[in-house]
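This report concerns only the one structure given below.
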Amino acid sequence: MNARVFSGIQPTHGLHLGNYLGAIRHWVRLQDEHECIYCIVDQHALTTLHDAEQMRSNTREVAAALLACGIDPERSILFVQSNVPAHSQLAWVLNCVTPLGWLNRMTQFKEKAGKHRENAPVGLYAYPVLQAADILAYKATLVPVGEDQKQHLELSRDIAGAFNRKFGTEYFPLPEPMIAGEATRVMSLRDGTKKMSKSDVSDMSRINLTDDAATIARKIQRAKSDSILGIWYDPEKRPEASNLLTIYAALAERPRAEVEAEFREAPFAEFKKRLAELAVEKLSAINARMRELMADPAEIDRILRYGAERAAAIAGPVMEEVYDIVGFLRP
Ligand code: TYM
């Protein structure tokens with residue numbers, strides 16, 4: 005059965021290899037079989053990013069990156085969250101059926117709020133409800149994400165169920181997460197026990213899709229390694245080797261065991277050299293295309309406007325039905 009696919013990405017910074025391997029490459033593939041809706045979630049980014057210029061330029065850069073990776077704005081709907089009012093409208097309705105206790109369990113809030121919980125913005129706390137609204141505003145059924153989004157997606161299902169139960173309806177389908185492939189959790193190049201992340205202060209910890217060939221090669225060469233001869237997968241004892249092996253397999257689109265067999269006896273330096281070559285080969289075309297696209301921001305804006313119109317044409321009628329279900333009078 006054809007699914008309706010929805011997924012989102014924050015424009016807090018540019019994209020990195022974790023976003024690409026954990027999510028975007030699957031988004032691209034899913035376009036062949038399903039109706040796909042991909043959203044740059046600027047309202048989510050506003051929970052941590054309070055710089056208007058940065059927000060605007062990151063939003064365009066993420067759009068360019070998605071297009072360069074192969075998102076086709078004709079086959080798929082590519083748009084910016086704040087351009088479609090249904091997201092905030094539905095988020096409010098869902099806020100009113102989501103128990104506080106469910107949000108208290110969210111580990112990402114605890115991590116992001118840190119010790120200064122009282123100072124954390126309300127938006128950061130309600131973040132997963134807006135995420136549920138993103139998905140449900142399109143009655144999407146399949147949500148391709150990296151491993152770190154698992155808890156948020158379970159919550160989205162629970163929120164859909166809570167709405168249905170409270171209003172005695174089957175209106176929202178329960179969305180299925182899709183956490184697929186070899187690289188559902190790409191780790192930092194500097195510390196194999198930490199996720200590769202946009203918020204890491206060290207740029208050497210991640211490969212950005214904007215990095216040129218020399219930078220990619222340098223980052224891989226300087227990635228943390230160990231002094232054991234041969235490369236094999238053992239995330240407990242050899243987190244860095246395991247992470248680089250996983251990255252290799254995902255970039256080469258080969259099973260991890262096969263790559264492991266090839267490098268089992270190889271010195272770390274030799275493996276890194278091969279990985280750097282592979283990464284440069286795979287990422288340089290994306291990088292070049294991104295540069296072309298970013299040179300024409302008006303074209304990016306046009307594509308995003310077109311996407312927003314098509315997104316609103318789906319989400320608008322859903323919102324009207326939701327308002328009917330909850331009993332809001334129409335104007
Ligand atoms: P975000 O912007 O942090 O990340 C976008 C996607 O990239 C994946 N990802 C990773 N995958 C593997 N390894 C990593 N190191 C890595 N880092 C990030 C994420 O899992 C994600 O799939 N809350 C979401 C955005 C969102 C959303 C949604 C997603 C808003 N609404 C509705 C799905 C459906 C987020 O912050 O992703």
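Residues in the sequence shown are numbered consecutively from 5, following our numbering. We treat Cβ as the ideally placed atom computed from N, Cα and C, and that holds for glycine.
Cβ pair residue i, residue j closer than 8 Å
{"i": "V66", "j": "L19", "result": "yes"}
{"i": "R60", "j": "I304", "result": "no"}
{"i": "L140", "j": "L94", "result": "yes"}
{"i": "V330", "j": "F171", "result": "yes"}
{"i": "D152", "j": "H91", "result": "no"}
{"i": "A136", "j": "L107", "result": "no"}
{"i": "L21", "j": "I290", "result": "no"}
{"i": "K202", "j": "H54", "result": "no"}
{"i": "K286", "j": "L255", "result": "yes"}
{"i": "N99", "j": "V126", "result": "no"}
{"i": "L213", "j": "M323", "result": "no"}
{"i": "Y142", "j": "A319", "result": "yes"}
{"i": "F267", "j": "S229", "result": "no"}
{"i": "A315", "j": "V88", "result": "yes"}
{"i": "M1", "j": "P148", "result": "The structure shown does not extend to residue 1, since the chain is modelled only from 5 to 335, so the question has no answer here."}
{"i": "A72", "j": "L282", "result": "no"}
Contact set for residue i: own chain, Cβ-Cβ below 8 Å, skip 5 residues either direction
{"i": "V38", "result": "Here residue 38 is His; the residue named in the question, Val, does not match the sequence. The residues are N6, A7, R8, V9, L146."}
{"i": "R79", "result": "Q35, C40"}
{"i": "G12", "result": "Y42, C43, I44, V45, H48, Q85, Q135, D138"}
{"i": "D215", "result": "K223, L287, N291"}
Residues that residue i bridges to, as DSSP identifies them
{"i": "G12", "result": "C43"}
{"i": "F83", "result": "C43"}
{"i": "I199", "result": "The sequence given here places Lys at residue 199; Ile does not occur at that position. Bridge partners of K199: M191."}
{"i": "N212", "result": "H20"}
Nonlocal neighbours in the same chain, by C-beta distance under 6 Å from residue i, ignoring five residues either side
{"i": "G150", "result": "G26, A27, T188"}
{"i": "A227", "result": "L193"}
{"i": "P15", "result": "I44, D46, A49, N62, T63, V66"}
Contacting residues, own chain, Cβ-Cβ under 7 Å from residue i (five flanking each side not counted)
{"i": "A253", "result": "E186, P259, R260, V263"}
{"i": "D204", "result": "S192, R210"}
Problem set entry | the region 275-288 / the region 45-52 touching (three or more Cβ pairs under 8 Å) | no
For this session: Determine, using beta-carbon pairs with one atom in the region 221-236 and one in the region 25-35, whether at least three such pairs fall under 8 Å.
Result: no
Problem set entry | Every unbroken alpha helix (DSSP H) within the region 137-187, with a cutoff of 4 residues, ordered by chain | 154-170
Exercise. Can you list, in chain order, the stretches of the alpha helix (DSSP H) that have 4 or more residues and sit fully within the region 20-73?
Worked result: For the alpha helix (DSSP H) assignment, the uninterrupted runs of no fewer than 4 residues enclosed by the region 20-73 are, from N- to C-terminal side, 29-34, 46-49, 56-73.
Problem set entry | Sufficient close CB pairs (3 or more, under 8 Å) joining the region 235-244 to the region 297-316 | no
Exercise. Is there contact between the region 182-191 and the region 165-172, where contact requires at least three CB pairs shorter than 8 Å?
Worked result: no
Exercise. What residue ranges within the region 218-256 form continuous alpha helix (DSSP H) runs of no fewer than 4 residues, ordered along the chain?
Worked result: As for any alpha helix (DSSP H) of minimum length 4 sitting wholly inside the region 218-256, the runs are 243-256, ordered along the chain.
Problem set entry | alpha helix (DSSP H) runs wholly inside the region 264-317, at least 4 long, in chain order | Whole alpha helix (DSSP H) segments, 4+ residues: 272-298.
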